[in-house]
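*Asks:* In our numbering, the protein residues as written are 78 to 346. Sending over a structure as structure tokens; questions will come in a sec.
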Ligand code: AMP
Ligand code: MG
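What follows is the structure, given as structure tokens:
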């Protein structure tokens, strides 16, 4: 069974995060995982170049996690294997007044990668059924209608050449505590510490429930969710890389045929 098969959430299944072990390593040890990740990074470089050359598909990677879950780490350790010319990373923050004057997918749609390119969402439209739900920023009716709207939106993208993979980096509450402590103990990490993270931590259970619903309702054939065990950073990175390689290889991409007769090209000395 491939990694993607082990970590994918089958459409229609009901997720219980307590049953997904954040410490899982699928039998790998750290050294093995790191050398395999290295090979995957090289392969991702080739596959991304092929995506760019073939110019038929784009890849959209959605990263979601609790605070300290490792979204930035995945970008740094996995996505940097690709050529920056074809990769666009978008971090979604609290919506601006202009963004709030539009539907919640407006800012998202603008950031979808163009054909041939890779887009990485550091947070995403899922915040609109996560933080927005947990903090009751809009009435229940408004956020609860969004799951279906998200599915329709993602289907539209998928029918238009966008391959979508969504990762939930799953850490335990205790691991979050350790990471917050580390941020406080290391002056070079103080900038990453936010008091807001402590308030959010108090809402841990509400967030876990919101994630369960988002993943259960929005893991679809055209835009699957993967739950990545993320307590071990080295396993998290490997698992994300595996799924990306499998997904891109599944597109069966080919270098385009040249529009000219190569044999007839004369290069003068
Ligand atoms: P960070 O990723 O640490 O820079 O924080 C970004 C912040 O923006 C987080 O606290 C998110 O919860 C918040 N955020 C992102 N999207 C939304 C949204 N649609 N509505 C409200 N808050 C959001
Ligand atoms: Mg933060």
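Here a beta-carbon is modelled for each residue, glycine too, at the ideal position from N, C-alpha and C. Here the structure is a predicted model, which means the values were calculated and not measured.
DSSP beta-bridge partners for residue 199?
*Replies:* Paired residues: 140, 168.
*Asks:* Can you grab the Cα-Cα spacing for the pair residue 197 / residue 121, in whole Å?
*Replies:* 14 Å
*Asks:* Is the segment 301–310 touching the segment 242–249, taking contact as three or more C-beta pairs under 8 Å?
*Replies:* yes
*Asks:* To which residues of the same chain is residue 283 closer than 6 Å at the C-beta, ignoring the five residues directly before and after it?
*Replies:* 211
*Asks:* Determine the burial state of residue 218: buried for a count of at least 16 other Cβ atoms within 10 Å of its Cβ, exposed for fewer.
*Replies:* Burial call: exposed.
*Asks:* So residue 93 and residue 126 are supposed to be a Cβ contact under 8 Å. How far apart are they, rounded?
*Replies:* Between residue 126 and residue 93 the Cβ distance is about 40 Å, and since that is not below 8 Å, they are no contact.
*Asks:* Using 8 Å for Cβ pairs, my map puts residue 200 next to residue 141. What's the rounded Cβ distance?
*Replies:* 7 Å
*Asks:* Measure the CB-CB distance between residue 241 and residue 332 and report whether it falls below 8 Å.
*Replies:* Contact flag unset, no.
*Asks:* Does the Cβ of residue 229 have 16 or more other Cβ atoms within 10 Å, making it buried, or fewer, making it exposed?
*Replies:* exposed
*Asks:* Residue 231 and residue 297: beta carbons closer than 8 Å?
*Replies:* yes
*Asks:* Look up residue 239 in the DSSP assignment and say whether it is helix, strand or coil.
*Replies:* strand
*Asks:* Quick one: measure Cβ to Cβ for residue 260 and residue 270, integer angstroms, because I've assumed they're closer than 8 Å.
*Replies:* 4 Å
*Asks:* Give me the residue from 252, 182, 195, 113 with the minimum Cα distance to residue 205.
*Replies:* 182
*Asks:* What does DSSP give as the partner residue(s) for residue 247 in the beta ladder?
*Replies:* 306
*Asks:* Could you tell me whether the Cβ atoms of residue 164 and residue 318 are closer together than 8 Å?
*Replies:* no
*Asks:* In the structure shown, what three-state DSSP assignment does residue 135 receive?
*Replies:* Note: residue 135 maps to strand in three-state DSSP.
*Asks:* Keeping to the same chain, check which residues put their C-beta closer than 7 Å to that of residue 227; ignore five residues upstream and five downstream.
*Replies:* 202, 295
*Asks:* Is residue 192 helix, strand or coil by DSSP?
*Replies:* coil
*Asks:* So, is residue 272 buried or exposed, given that buried needs 16 or more other C-beta atoms within 10 angstroms?
*Replies:* In summary, residue 272 is exposed, with fewer than 16 beta-carbon neighbours lying within 10 Å of its beta-carbon over all protein chains present.
*Asks:* In the DSSP assignment, what residue or residues form a beta bridge with residue 85?
*Replies:* 303
*Asks:* Hey, residue 188 and residue 173: beta-carbon distance below 8 Å or not?
*Replies:* no
*Asks:* Here's a check: name, in chain order, each residue in its chain whose Cβ is nearer than 8 Å to the Cβ of residue 149, leaving out the five neighbours to either side.
*Replies:* Only 199 meet the Cβ criterion.
*Asks:* Nearest to residue 132 by CA position, among 312, 191, 111, 153, is which residue?
*Replies:* 191
*Asks:* Take the Cβ of residue 252 as the centre, count every other Cβ of all protein chains shown within 10 Å, and call the residue buried at 16 or more, exposed below.
*Replies:* When all chains shown are included, residue 252 counts as buried.
*Asks:* For residue 122, which of helix, strand or coil comes out of DSSP?
*Replies:* helix
*Asks:* To the nearest angstrom, how far is it from the Cα of residue 144 to the Cα of residue 221?
*Replies:* 23 Å
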